[in-house]
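So the structure is just underneath, and the comments pick up after that.
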Amino acid sequence: MASQVLVAANRGPLSYSLTEEGALVARRGGGGLVSGLSAALGDRPDAVWVCAALSEADREAVRRGESEPGVLMLDVPGEVYDAAYNGIANSVLWFLHHHLWEVPREPVFDAAFRERWAGYRAYNRAFAEALAERAAPGAAVLVQDYHLALVPGMLRALRPDLRTAHFTHTPWAAPGVFAMLPADIGRELLEGMLGADLLGFHTERWAADFRGCAEAAGFPPGEGPRLAVYPLGVDGEELRELAHRPEVEDRLAQLRAETEGLLTVVRVDRTELSKNIVRGLLAYRELLVTRPEWRGRVVHLASAYPSRQDLAVYREYTAEVARVAEEINEEFGTADWRPVLVAVQDDFARSLAVYRMADVALVNPVRDGMNLVAKEIPVVSEAGCALVLSREAGAWAELGEDAIGVNPFDVSETAGALHEALSMAGAERAERTKRLAVAGVGWPPVRWFERQLSDVGGAGV
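Under my numbering, the first residue of the sequence shown carries the number 391, and numbering increases by one thereafter.
Laid out in structure tokens, this is it:
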């Protein structure tokens with residue numbers, strides 16, 4: 391059936407698992423973006439979400455012809471998917487846009503890289519062809535993120551009648567960093583993006599960086615797609631409901647018993663290199679060294695979800711997070727005080743519980759497209775929280791007026807910001823939290839999606 395509205399993303403709204411008997415079981419995905427897009431598409435019988443089969447069970451579902459309404463899952467060959475996802479998207483484009491390369495050693499653009507790039511190109515081609523085949527005349531196509539940066543250009547060649555938007559959830563690399571790519575690869579990447587009618591970014595800063603990269607590569611300024619800013623936020627009502635479910639109440643009671651009488655410094659992140667967890671721990675340690683009055687009075691509640699553990703550099707970083715936390719506990723801990731309580735595991739209920747307990751929220755990424763945690767914590771913090779926020783997070787553009795800003799590389803400044811946040815009067819903290827929460831829910835996922843669909847000329851908006 392032809393579709394008037396199509397979303398293309400690496401990850402879809404559901405995944406499959408296989409029972410011991412070989413039956414397939416579908417499970418809806420979590421997370422605010424998936425929930426928001428699902429809600430936005432749910433009332434549209436002419437809409438479809440095109441995504442990749444990510445597991446063997448997903449691929450089996452495709453082979454058996456099983457699918458949920460409104461979902462088209464692509465069985466991309468495993469070696470192509472690995473080259474595109476791990477070899478290029480996660481190991482090159484993520485590092486590029488977050489400025490994470492250790493330049494004396496990385497990147498290396500050799501023959502093996504170009505083989506992986508061919509896989510990335512094939513992966514994007516598979517999406518473009520599926521979208522071209524499924525889209526009704528004049529349909530609106532909303533392509534998501536750096537995994538599918540080539541799709542708009544490919545789709546324009548296949549179906550020039552379609553109206554295509556692309557949204558980048560990460561930052562966009564500054565022109566000087568982008569220029570590290572081989573010239574032909576950089577140009578191919580830009581041409582792919584410039585095939586869209588509309589390019590969306592979280593902040594004007596990231597849009598300006600894209601514009602600068604395109605102009606540096608020789609694309610005429612002012613021509614091509616419209617660039618627009620859509621600062622994704624959170625669904626406050628849904629988040630508050632999730633934060634008061636029974637399993638969260640249980641975790642909250644447990645954590646309150648463990649931390650009774652202590653002020654809380656909270657962080658919730660994936661153990662992603664850009665999230666800067668280790669420097670955050672070092673800043674907390676420096677706080678305890680330089681401001682000994684906080685010893686025995688504060689606890690750092692850190693939730694660190696293991697991320698991309700199929701890549702060695704991420705496994706090593708996850709291990710370092712656990713090691714530094716334990717070193718702080720060994721150095722400062724006493725018989726009745728453990729300064730860091732870190733959970734290096736995927737525990738959503740615990741994360742929501744620490745959101746509610748937050749006196750101080752520490753969000754210090756080295757670079758981040760948005761960072762929804764910075765918006766989520768003020769929405770559910772019960773006593774109000776002071777937000778210590780990196781100026782390199784996209785969220786800074788909206789939240790900076792009521793946050794305490796830090797240079798994410800400056801451990802001493804971050805330690806000072808933690809002291810300022812912990813010392814903030816309760817009334818001021820509560821007032822700032824109210825304003826932060828209002829800003830955080832300004833662009834809930836449904837509004838974020840619908841605005842882009844309207845701007846690209848989608849039907850039925």
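Glycine included, C-beta positions come from ideal geometry on N, C-alpha and C. All values reported here derive from a predicted model rather than from experimental measurement.
Contact set for Leu464: own chain, Cβ-Cβ below 8 angstroms, skip 5 residues either direction: On the sequence shown, position 74 is the one that residue 464 refers to. Residues Val440, Cys441, Ala442, Ala443, Val452, Ala516, Phe517, Ala520 of the same chain have their beta carbon placed closer than 8 angstroms to that of Leu464, with the five preceding and five following residues left out of the count.
Met463, DSSP secondary structure in three states: Counted from its first residue, the sequence shown places residue 463 at position 73. Note: Met463 maps to strand in three-state DSSP.
Contact check, Trp596 vs Gly412, beta carbons under 9 angstroms: Residue 596 sits at position 206 when you count from the first residue of the sequence shown. Residue 412 sits at position 22 when you count from the first residue of the sequence shown. Not closer than 9 angstroms, so no.
DSSP-derived helix/strand/coil call for Phe557: Mapped onto the sequence shown, residue 557 falls at position 167. Phe557: strand per DSSP, three-state reduction.
Residue span of the beta strand (DSSP E) that contains Thr654, given as start and end: For this step, residue 654 is matched to residue 264 along the sequence shown. Taken as a continuous stretch (DSSP letters only), the beta strand (DSSP E) holding Thr654 covers 653-660.
Cβ contact check for the region 773-783 and the region 634-644: 3 or more pairs under 8 angstroms: Touching, no, given that fewer than three Cβ pairs across the two stretches are closer than 8 angstroms.
For Ser741, the three-state DSSP class (helix, strand or coil): Mapped onto the sequence shown, residue 741 falls at position 351. In this structure, Ser741 counts as helix in the three-state DSSP scheme.
Proximity of Leu617 and Leu589 at Cβ, strictly below 9 angstroms: For the purposes of this step, residue 617 is taken as the residue at position 227 of the sequence shown. For the purposes of this step, residue 589 is taken as the residue at position 199 of the sequence shown. For the 9 angstroms CB-CB criterion, Leu617 and Leu589 form a contact.
Same chain only: Cβ atoms within 6 angstroms of Leu696, ignoring 5 sequence neighbours per side: Taking the first residue of the sequence shown as position 1, residue 696 is located at position 306. Per the sequence presented here, residue 696 reads as Pro, with Leu not at that position. Closer than 6 angstroms at the Cβ level, and outside the excluded window around Pro696, lie Thr661, Thr708.
Residue range of the unbroken beta strand (DSSP E) whose run includes Leu642: Within the sequence shown, residue 642 is the residue found at index 252, counting from 1. Unbroken run through Leu642 is the alpha helix (DSSP H), 636-648; no beta strand (DSSP E).
Beta-carbon gap between Ala529 and Gln735 smaller than 9 angstroms: Translated into positions along the sequence shown, residue 529 becomes position 139. Translated into positions along the sequence shown, residue 735 becomes position 345. The Cβ atoms of Ala529 and Gln735 lie no closer than 9 angstroms to each other.
Euclidean distance between Cα positions of Trp491 and Pro497: Residue mapping note: residue 491 aligns to position 101 of the sequence shown, counting from 1. Residue mapping note: residue 497 aligns to position 107 of the sequence shown, counting from 1. Their backbone Cα atoms lie some 7 angstroms apart in a straight line.
Gly853, enclosing alpha helix (DSSP H) - first and last residue: Residue 853 is absent from the structure shown; the chain starts at 391 and stops at 851.
Contacting residues, own chain, Cβ-Cβ under 6 angstroms from Met814 (five flanking each side not counted): As a working note, residue 814 is residue 424 in the sequence shown. For Met814, where only same-chain residues beyond five positions count, the Cβ hits under 6 angstroms are Ala776.
Where Asp535 falls: helix, strand or coil (DSSP): As a working mapping, residue 535 is identified with position 145 in the sequence shown. In the structure shown, the three-state DSSP call for Asp535 is coil.
Beta-carbon proximity of Val756 to Phe799, cut-off 9 angstroms: Counting from 1 along the sequence shown, the entry for residue 756 is found at position 366. Counting from 1 along the sequence shown, the entry for residue 799 is found at position 409. Their beta carbons are under 9 angstroms apart, which means Val756 touches Phe799 by this criterion.
Glu450 vs Leu483 beta-carbon contact at 9 angstroms: Numbered from its first residue, the sequence shown carries residue 450 at position 60. Numbered from its first residue, the sequence shown carries residue 483 at position 93. No, Cβ-Cβ distance for Glu450 and Leu483 is not below 9 angstroms.
CA nearest to the CA of Arg825, picked from Pro768, Val801, Phe839, Thr804: Position 435 of the sequence shown, counting from 1, holds the residue named residue 825. With distances taken between CA atoms, Arg825 lies nearest to Pro768 out of Pro768, Val801, Phe839, Thr804.
Cut-off 8 angstroms between Cβ atoms - residues of its own chain near Tyr620, not counting five sequence neighbours on either side: If you number the sequence shown from 1, residue 620 lands on position 230. Closer than 8 angstroms at the Cβ level, and outside the excluded window around Tyr620, lie Phe557, Gly590, Phe591, His592, Trp833, Trp838, Arg841, Gln842.
Contact belief for Ala586 with Pro615 at Cβ below 8 angstroms, rounded distance in angstroms: Your numbering for residue 586 matches position 196 in the sequence shown. Your numbering for residue 615 matches position 225 in the sequence shown. Rounded, the Cβ-Cβ distance is 5 angstroms, consistent with contact.
Three-state secondary structure assigned by DSSP to Ser445: As a working note, residue 445 is residue 55 in the sequence shown. Three-state result, Ser445: coil.
Spatial distance of Leu545 from Leu486 (CA atoms): What you label residue 545 is simply residue 155 of the sequence shown in a count that begins at 1. What you label residue 486 is simply residue 96 of the sequence shown in a count that begins at 1. The alpha-carbon atoms of Leu545 and Leu486 are separated by roughly 24 angstroms.
Cβ-Cβ separation, Ala811 to Val750 (assumed contact under 8 angstroms), whole Å: On the sequence shown, position 360 is the one that residue 750 refers to. On the sequence shown, position 421 is the one that residue 811 refers to. About 4 angstroms separates the CB atoms of Val750 and Ala811; that is less than 8 angstroms, so the two are in contact.
Cα-Cα separation, Val770 to Ala712: Taking the sequence shown and counting its residues from 1, one reaches residue 770 at position 380. Taking the sequence shown and counting its residues from 1, one reaches residue 712 at position 322. Answer to the nearest angstrom: the Cα atoms are 27 angstroms apart.
Span separating the alpha-carbon of Ala849 from that of Leu396: Residue 849 sits at position 459 when you count from the first residue of the sequence shown. Residue 396 sits at position 6 when you count from the first residue of the sequence shown. Caution applies to Ala849, whose pLDDT of 42 falls short of 50 and renders its modelled position unreliable; the value that the coordinates give is listed next. C-alpha separation (whole angstroms): 11 angstroms.
Cα-Cα separation between Gly806 and Leu677, rounded to whole angstroms: Here residue 806 is taken as the residue at index 416 of the sequence shown, counted from 1. Here residue 677 is taken as the residue at index 287 of the sequence shown, counted from 1. Cα-Cα distance, rounded: 7 angstroms.
Inter-residue spacing [alpha-carbon to alpha-carbon] between Gly670 and His809: Residue numbering aside, residue 670 sits at position 280 when the sequence shown is read from its first letter. Residue numbering aside, residue 809 sits at position 419 when the sequence shown is read from its first letter. Near 13 angstroms, if we compare the C-alpha coordinates of His809 and Gly670.
Separation of Phe600 from Val851, as counted between CA atoms: Your numbering for residue 851 matches position 461 in the sequence shown. Your numbering for residue 600 matches position 210 in the sequence shown. Its pLDDT being 31, under 50, Val851 is placed unreliably in this model, and the value from its coordinates should be taken loosely. Approximately 28 angstroms, taken between the alpha carbons.
The region 684-696 touching the region 647-660, judged by at least three CB pairs closer than 8 angstroms: The region 684-696 is in contact with the region 647-660.
Asp551 classed as buried or exposed, judged by whether at least 16 other C-beta atoms fall within 10 angstroms: The residue you call residue 551 lines up with position 161 of the sequence shown. Asp551 is classed as exposed because its beta carbon has fewer than 16 other beta carbons within 10 Å across all chains shown.
Same chain, Cβ closer than 8 angstroms to Gly847, five either side skipped, listed in chain order: On the sequence shown, position 457 is the one that residue 847 refers to. Within the same chain, Gly847 has close Cβ partners Ala530, Arg553, Asp587.
CA-to-CA distance, Pro494 to Ala555, given in whole angstroms: Taking the first residue of the sequence shown as position 1, residue 555 is located at position 165. Taking the first residue of the sequence shown as position 1, residue 494 is located at position 104. Straight-line Cα distance between these residues: approximately 36 angstroms.
Sequence-distant residues of its chain with Cβ nearer than 8 angstroms to Ala479 (five each side left out): For this step, residue 479 is matched to residue 89 along the sequence shown. By the criterion of a C-beta distance shorter than 8 angstroms, Ala479 is surrounded in its chain by Asn400, Tyr510, Tyr536, His537, once the five residues flanking it on both sides are discounted.
Neighbourhood of Phe722 by C-beta distance below 7 angstroms, restricted to the same chain and skipping five residues each side: As a first step, residue 722 is located in the sequence shown; it is residue number 332 there, counting from the start. Shown here for Phe722: same chain residues with a beta carbon closer than 7 angstroms to its own, the five before and five after excluded, namely Leu678, Arg685, Pro729 in chain order.
Residue range of the unbroken beta strand (DSSP E) whose run includes Val397: As a first step, residue 397 is located in the sequence shown; it is residue number 7 there, counting from the start. 393-398 is the span of the beta strand (DSSP E), which, as asked, contains Val397.
Inter-residue spacing [alpha-carbon to alpha-carbon] between Leu462 and Glu410: Within the sequence shown, residue 462 is the residue found at index 72, counting from 1. Within the sequence shown, residue 410 is the residue found at index 20, counting from 1. So the two alpha carbons sit approximately 25 angstroms from each other.
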